[in-house]
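Participant: Have a look at this one.
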Amino acid sequence: MLVLTPLDIHNKEFKRSFRGYSEEEVDEFLDLVVAEFERLLRENEDLKAKNADLDGRLQHYKTIEETLQNAIVVAQQAAEELKASARKEAVVIKEQAEAEARKIKERAEREAASILNRVSEARQTLGRFNAELKALLRTYLDMLEKATASMEGALTAPFAETAGARLKVLDAFKAENDENEE
């Protein structure tokens, strides 16, 4: 491919011929072509510079995008790991809570059974105490009744003897009185 420069166009020499173009018009036109070509070359260089700048920026944005995508992936992985860790921790906490609840329940059941046993023992002891107290009270009541009967007998026996002696004395006195009246 042939690379033309504005200088190549400006310095181009054409052969002269008899019925050719006006040299002045060709030179003016070539000057216009050179000016336009120079403008297009500058514009092309500007566009290349802009394109290079845009390519650089695009590459920068692609790098940022890749970094962001990597960050998103890392964040998603971290979130998943955090969720998994939280689930595991929740399971462990739940299991610990259930184990503690079982221990508390078992302890409460043992304490309740112990209390029921003590209540039952207390009832049995109370029943034995009541039976023993009733038996003791009956024994004391029997002893009291016997003592009372014995005391009544002891108290009434002298009176009975005295009353019998009085009756004899009265009978003797009556008999003596009856004899005297006769």
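Using this note's numbering, read the sequence shown as starting at 16 and increasing by one per residue.
The C-beta atom is built at its ideal place from N, Cα and C for all residues, glycine as well.
Only a predicted model underlies this, so the values are computations on that prediction, with no experimental measurement involved.
Thinking C-beta only, is I24 closer than 8 Å to F52?
Facilitator: As a first step, residue 52 is located in the sequence shown; it is residue number 37 there, counting from the start. As a first step, residue 24 is located in the sequence shown; it is residue number 9 there, counting from the start. It is a contact, given that the beta carbons lie within the stated cut-off.
Participant: For V88, which residues from the same chain have a beta carbon less than 8 Å from its beta carbon, with the 5 sequence-adjacent residues on both sides left out?
Facilitator: As a first step, residue 88 must be located in the sequence shown, where it is residue number 73. Answer for V88: no residue qualifies.
Participant: Taking just the CA atoms, how far does R117 sit from A123?
Facilitator: Here residue 123 refers to the residue found at position 108 of the sequence shown. Here residue 117 refers to the residue found at position 102 of the sequence shown. Looking at the two C-alpha atoms, the distance is approximately 10 Å.
Participant: So within the region 28–115, which uninterrupted beta strand (DSSP E) runs reach at least 3 residues, ignoring any that extend past its ends?
Facilitator: none
Participant: For the alpha helix (DSSP H) holding L19, just list the boundary residues, first then last.
Facilitator: Within the sequence shown, residue 19 is the residue found at index 4, counting from 1. L19 -> no alpha helix (DSSP H), and no H or E assigned at all.
Participant: Output the distance between the C-alpha atoms of L55 and A94, rounded to the nearest integer angstrom.
Facilitator: Reading the sequence shown from its first residue, position 40 is the one you call residue 55. Reading the sequence shown from its first residue, position 79 is the one you call residue 94. Between L55 and A94, the C-alpha separation is close to 55 Å.
Participant: Using alpha carbons as the reference points, say which of L47, G35, S37 lies closest to L22.
Facilitator: Here the question's residue 22 lines up with position 7 in the sequence shown. The shortest Cα separation from L22 among L47, G35, S37 belongs to L47.
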